[in-house]
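For the sequence shown, my numbering begins at 6 and goes up steadily by one. All C-beta atoms in this analysis are idealised placements derived from N, C-alpha and C, irrespective of residue type, glycine included. Everything numeric in this text was worked out from a predicted model, so none of it was measured. For reference, the structure is listed below as structure tokens.
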Amino acid sequence: MNRYKIVSFVLAVALLAALARLAVTGREENPAPNTQETVFANILSRKSVRSYTGRPVTAGQVDTLLRAAMAAPSGRDMRPWKFVVVDDKSVLDTLRRLLPYAKMLDQAPLAIAVCGDLSITDDKGNPSTNWTFDCSAATENLLLAAEAMGLGAVWTGVYPYEERLTAVKTALGLPAHIVPLNVIPIGWPANQPLPKDKYDENNIRHNKW
Numbered sequence: 006m007n008r009y010k011i012v013s014f015v016l017a018v019a020l021l022a023a024l025a026r027l028a029v030t031g032r033e034e035n036p037a038p039n040t041q042e043t044v045f046a047n048i049l050s051r052k053s054v055r056s057y058t059g060r061p062v063t064a065g066q067v068d069t070l071l072r073a074a075m076a077a078p079s080g081r082d083m084r085p086w087k088f089v090v091v092d093d094k095s096v097l098d099t100l101r102r103l104l105p106y107a108k109m110l111d112q113a114p115l116a117i118a119v120c121g122d123l124s125i126t127d128d129k130g131n132p133s134t135n136w137t138f139d140c141s142a143a144t145e146n147l148l149l150a151a152e153a154m155g156l157g158a159v160w161t162g163v164y165p166y167e168e169r170l171t172a173v174k175t176a177l178g179l180p181a182h183i184v185p186l187n188v189i190p191i192g193w194p195a196n197q198p199l200p201k202d203k204y205d206e207n208n209i210r211h212n213k214w
């Protein structure tokens with residue numbers, strides 16, 4: 006081995022050692038986020054947002070929200086949910102006028118109606134008896150995803166109030182077998198409301214009441 010090869014070898018070893026030190030230092034200065042802490046922080050930070058800026062929500066962001074919603078648990082894995090994405094201003098205005106607790110739709114760039122599909126049956130032909138539970142789980146996933154993305158959202162109830170059911174079915178042109186559980190206005194928060202601390206040890210029992 007001539008001296009040029011020796012020098013090249015020594016330099017290569019030194020470079021690798023320097024890169025290794027840099028990688029270790031980088032990990033120490035920028036440690037990987039703790040997944041558990043991140044999840045808990047997002048859950049505890051979730052709040053109902055009722056005021057929005059005019060900034061649009063992109064199609065990619067809507068897709069992320071819906072993917073999160075459809076990752077929810079479902080009884081017998083029937084997944085009896087349907088989602089209606091509403092971004093037409095005239096339809097949003099109609100929903101705002103007809104729903105008593107959805108007046109923030111005049112600011113929200115879009116809303117998602119979470120609905121149950123009563124036509125979905127199991128392998129024995131039985132319809133889901135858990136659609137309200139499944140759609141509620143999907144809604145909570147959607148709300149948590151919105152929080153994680155920096156978006157604001159709020160659950161406005163539709164089911165089981167007859168007048169609200171009729172209003173949403175008419176506004177969205179829903180067939181008879183599609184039942185709206187709620188309408189979720191979504192947008193970028195115009196302010197930063199604080200989350201509520203709802204933990205209450207008086208609501209907890211162990212083993213027996």
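Determine the direct distance from the alpha carbon of residue j to that of residue i, and round the result to whole angstroms.
i, j, result
"Pro180", "Thr171", "11 angstroms"
"Leu104", "Lys174", "12 angstroms"
"Leu148", "Ala176", "23 angstroms"
"Asp139", "Arg60", "31 angstroms"
"Gly31", "Glu42", "Confidence is the limiting factor: at Gly31 the pLDDT is only 43, short of 50, which leaves the residue's position unreliable, though a coordinate-based value still follows. Taking the straight line from one Cα to the other gives about 21 angstroms."
"Ala73", "Asn146", "6 angstroms"
"Arg102", "Gly178", "16 angstroms"
"Leu100", "Trp160", "14 angstroms"
Sorted by chain position, which residues of the same chain lie with C-beta nearer than 8 angstroms to residue i's C-beta, five sequence neighbours on each side aside?
i, result
"His182", "Asp122, Leu123 and Ser124"
"Ala113", "Tyr57, Leu97, Pro190, Ile191 and Gly192"
"Arg51", "Leu148, Leu149, Glu152 and Pro200"
"Thr69", "Ala150 and Met154"
Ignore the nearest five residues each way along the sequence and tell me which others in residue i's own chain have a CB closer than 6 angstroms to its CB.
i, result
"Ala195", "Ser56, Tyr57 and Thr58"
"Pro185", "Ala118, Cys120, Val163 and Val173"
"Trp136", "Pro85 and Gly121"
Apart from the five residues just before and just after residue i, which ones in its own chain have a Cβ nearer than 7 angstroms to its Cβ?
i, result
"Thr126", "Pro132"
"Pro198", "Lys52 and Val54"
Does the beta carbon of residue i fall short of 6 angstroms from some heavy atom of the ligand ZN?
i, result
"Thr63", "Questions concerning the ligand ZN fall outside what the structure shown contains, since it holds no ligand whatsoever."
Taking the DSSP output, what are the residues bridged to residue i?
i, result
"Val89", "Ala118"
"Pro132", "Thr126"
Mark residue i as exposed unless 16 or more other C-beta atoms lie within 10 angstroms of its C-beta, in which case mark it buried.
i, result
"Ser79", "buried"
"Val44", "exposed"
"Arg169", "buried"
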